[in-house]
Every structure is written in structure tokens, then in C-alpha cells.
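The structure appears right after this line, and notes come after that.
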Amino acid sequence: MKKQISILKFSMNKTLRQTIERNMKAKQNLHSP
């Protein structure tokens, strides 16, 4: 049970990180001419 929770947390962190990276890339694209 604990293992499943940690895997779920890990996958959520991964998704969150990807979303943040995508947002940062989008912001950089907006700033660049």
C-alpha cells in the first residue's frame, strides 16, 4: 500500500515538473522576439 502511494506521489511530481517546465518554456518564448 505504501509503495503505491509513493509511486503515485512520484508520478504526480513528474507531471508537475513537466507542467512547470512547459510553462517556463512558454514564458521564454513570449519574451523572445
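The sequence shown begins at 181 in our numbering and counts up by one. Beta carbons: idealized from backbone N, C-alpha and C, even for Gly.
Alpha carbon to alpha carbon, what distance is there between residue j and residue i?
i, j, result
"R202", "Q184", "27 Å"
"R197", "I187", "15 Å"
"T195", "K205", "15 Å"
"I200", "L210", "15 Å"
Quick one: residues in its chain with C-beta nearer than 6 Å to the C-beta of residue i, no 5 flanking neighbours on either side, listed in chain order?
i, result
"F190", "none"
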